[in-house]
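Working notes, structure below.
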Amino acid sequence: MNINKYPEIHPGKKLFKKVYVAIMLWTVGKAIQVAAKVDKEVKEELAKLPDNFTLRMMVAPEKAFPLFFYAKTLPAFVVDKGLLFYGIQMILHKDKEGEIKYLGADPKGKKIDLNIIFKNIEAAWLVLSFQESTATAYMHDRFVVEGDLVHSLTFVRVLDIVEIFLLPKFIAKLAVKRYPKWSEMSPLRKFVKRVVIYIRAYTF
117 MNINKYPEIH PGKKLFKKVY VAIMLWTVGK AIQVAAKVDK EVKEELAKLP DNFTLRMMVA
177 PEKAFPLFFY AKTLPAFVVD KGLLFYGIQM ILHKDKEGEI KYLGADPKGK KIDLNIIFKN
237 IEAAWLVLSF QESTATAYMH DRFVVEGDLV HSLTFVRVLD IVEIFLLPKF IAKLAVKRYP
297 KWSEMSPLRK FVKRVVIYIR AYTF
């Protein structure tokens, strides 16, 4: 059999999914930073994490998803304030004062304490396009956790709360393990926090 008749098949680049996942990780990272300042429940959850703690959410393999071509040309203030997405990672840091800060998508020079790693871009796409909740994705073995499992569960709870704030109910119900009852989270709270988070995440 002549194997030259059967050329190697290369997977598609999936540019749309890469850009979408990058935008969503950027959005979620900035939203968590804001929610940590304006929502009591998020503050209480994040208080369980140790100080000087850094968390990263990324897609494997890391070498296949380098920073976007324009990352090195961005001014320092754009990177520092997270004004533009530039990679398929999300890095959050809790400092010694307990403040949560979004650190962008470049892990260089950062000590990562907790890694949440999607096994491939399709796994990240399913979760971040809200086709699967984080809990369901974990059951389906779509991501792995490197670090303290208790800390990862804290992050998942925070992620669920933030997604409830960011998303319409019919989408959020797909994204979270359990959508809260009216008595647990009033529509007014959701609406006000949604407006505040979107405004502050994209303007500060």
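Just so we're aligned, residue 117 is where the sequence shown starts under our numbering, counting upward by one. Idealized CB from N, CA, C, for every residue including glycine.
Check, Outcome
"Which residues bound the beta strand (DSSP E) around V195?", "Where V195 is concerned, there is no enclosing beta strand (DSSP E), although the alpha helix (DSSP H) it sits in stretches over A192 to D196."
"How is Y218 classed by DSSP in three states: helix, strand or coil?", "strand"
"Between the beta-carbon of N231 and the beta-carbon of E279, is there less than 8 angstroms?", "no"
"Can you pull the DSSP bridge partners for H267?", "Bridge partners of H267: none, in fact."
"Could you give the distance in angstroms between the alpha-carbon of K188 and the alpha-carbon of G203?", "11 angstroms"
"Quick one: Cα of P166 to Cα of K130, how far?", "37 angstroms"
"According to the neighbour-count rule (16 or more other Cβ atoms, all chains shown, within 10 Å of its Cβ), is E238 buried or exposed?", "exposed"
"Count the other CB atoms within 10 Å of the CB of Y186; is the residue buried (16 or more) or exposed (fewer)?", "exposed"
"What do you reckon, are the CB atoms on A317 and A147 nearer than 8 angstroms?", "yes"
"Rounded to whole angstroms, what's the CA-CA distance from Y314 to V154? Just pull it up for me.", "12 angstroms"
"E262 lies in the beta strand (DSSP E); which residues open and close that run?", "F259 to E262"
"For the putative contact between P223 and Q205, defined by C-beta atoms under 8 angstroms, what is the C-beta separation to the nearest angstrom?", "7 angstroms"
"Under 8 angstroms, do A180 and F201 count as touching if we go by C-beta distance?", "no"
"Just reading off the alpha helix (DSSP H) that F184 is part of, what are its end residues?", "No alpha helix (DSSP H) holds F184; DSSP gives it neither H nor E."
"So the alpha helix (DSSP H) Q247 belongs to, where does it begin and stop?", "No alpha helix (DSSP H) holds Q247; DSSP gives it neither H nor E."
"What are the partner residues of K210, as DSSP defines its beta bridges?", "F169 and I216"
"Looking at the strands, I want to know which residues DSSP matches up with Q205.", "M174"
"Touching or not, the region 302-310 and the region 159-176, by the rule of three or more beta carbon pairs under 8 angstroms?", "no"
"Exposed or buried, what is W142 when buried is set at 16 or more other beta-carbons lying within 10 Å of its beta-carbon?", "buried"
"Since I233 is in the alpha helix (DSSP H), which residue starts that stretch and which ends it?", "No alpha helix (DSSP H) holds I233; the beta strand (DSSP E) holding it covers L230 to F234."
"Who are the Cβ neighbours of A325 in its own chain at under 7 angstroms, not counting the five residues just before and after it?", "Residue numbering for the chain in the displayed model covers 117 to 320; residue 325 lies beyond these limits and cannot be assessed."
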